[in-house]
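Here's the structure we're looking at; comments come further down.
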Amino acid sequence: MNNSMEIDYFNKLNEISDVSRETCKNLENYVTLLLEHNKKLNLIGSGTLPHIWQRHIIDSLQLAKYLSKDLTIVDFGSGAGLPGLILSIIGYDVVSVESIAKKANFQKEVAKQLGLKICVLNKRIEDVTIKNDYILTARAVAPLTKLFNLSSNLLNNKHKAVFMKGKNYKNEILDAEKSWQFNYKTYKSITSDESVILEISKLKWK
23 MNNSMEIDYF
33 NKLNEISDVS
43 RETCKNLENY
53 VTLLLEHNKK
63 LNLIGSGTLP
73 HIWQRHIIDS
83 LQLAKYLSKD
93 LTIVDFGSGA
103 GLPGLILSII
113 GYDVVSVESI
123 AKKANFQKEV
133 AKQLGLKICV
143 LNKRIEDVTI
153 KNDYILTARA
163 VAPLTKLFNL
173 SSNLLNNKHK
183 AVFMKGKNYK
193 NEILDAEKSW
203 QFNYKTYKSI
213 TSDESVILEI
223 SKLKWK
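Okay, so the sequence shown: first residue is 23 according to this note's numbering, each after it adds one.
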């Protein structure tokens, strides 16, 4: 990244969260590792590579506005560590749950190289138990009904979730309401006019 681009993205990042130069450097190092490993592991779509900062880094960082650092972030279906690794880089306590071994191993390697205190679990979310108070996150994993089915052992009356959803989110909500009762709030995404941040609470079967 050249100097002018670095300053531009540094300013954009600080509009979202209080990002130090050191943190910005760690984000750059993450991007370097992601691009390097993506050639073999296919961690993110090739079509998004030219816009990796906007499409993946800033997109993930915007979740910070809706997450408390008093809670453990349980990010499932984390893939390349988006948003789990990104949230860890900016100081959140994160448990990243990824069922595909090669992707979980990539996250562990990034955590090692960047010195991150993140717990990466090579498990399915259905098999995970969390002792700390937590909130769930997921990005580009599955439709809302499937997210509920997968995480219902953790997402309940007491705990909340913040899911990143695309242009079909209204239909996903209607479909989920056929089987589930829940409260929700929507917040506009800063990276796409068609996307939202969806906050879910008080989930239970109908």
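Ideal Cβ positions, reconstructed from N, Cα and C, are used throughout, including at glycine.
Keep in mind the model is a prediction, meaning the values are calculated, not measured.
Fully enclosed by the region 80–110, which beta strand (DSSP E) runs are 3 residues long or longer? Segments of the beta strand (DSSP E) lying fully in the region 80–110: 94–98.
Mapping DSSP to helix, strand and coil, what is ASN205? In this structure, DSSP gives ASN205 an extended state, which the three-state scheme calls strand.
Do you know offhand how far LYS180's Cα is from THR159's? Straight-line Cα distance between these residues: approximately 15 Å.
Along the chain, where does the alpha helix (DSSP H) containing VAL142 start, and where does it finish? According to the DSSP assignment, VAL142 belongs to no alpha helix (DSSP H) but to the beta strand (DSSP E) extending over 140–143.
Skipping 5 residues on each side, what residues in its chain have a beta carbon closer than 7 Å to that of ALA198? Beyond the five residues adjoining it in sequence on each side, ALA198 comes within less than 7 Å, by CB distance, of LEU166, THR167 and PHE170 in the same chain, given in chain order.
What does a CB cutoff of less than 6 Å around HIS78 pick up in its chain, not counting 5 residues either side in sequence? Once the five neighbours on either side are set aside, the close Cβ partners of HIS78 are LEU104.
Contacts around TYR156, its chain only, beta-carbon distance under 8 Å, and the 5 residues preceding and following it disregarded: Cβ neighbours of TYR156 within its own chain (closer than 8 Å, five residues either side excluded): LEU93, THR94, ILE95, VAL96, VAL117, LEU176 and HIS181.
Name the two residues that bound the continuous alpha helix (DSSP H) containing LEU56. Residues 43–63.
In angstroms with no decimal places, state the Cα-to-Cα distance between ASN25 and GLU194. Any reading at ASN25 must be qualified, since the residue scores a pLDDT of 37, below 50, and its modelled position is unreliable; no value is offered.
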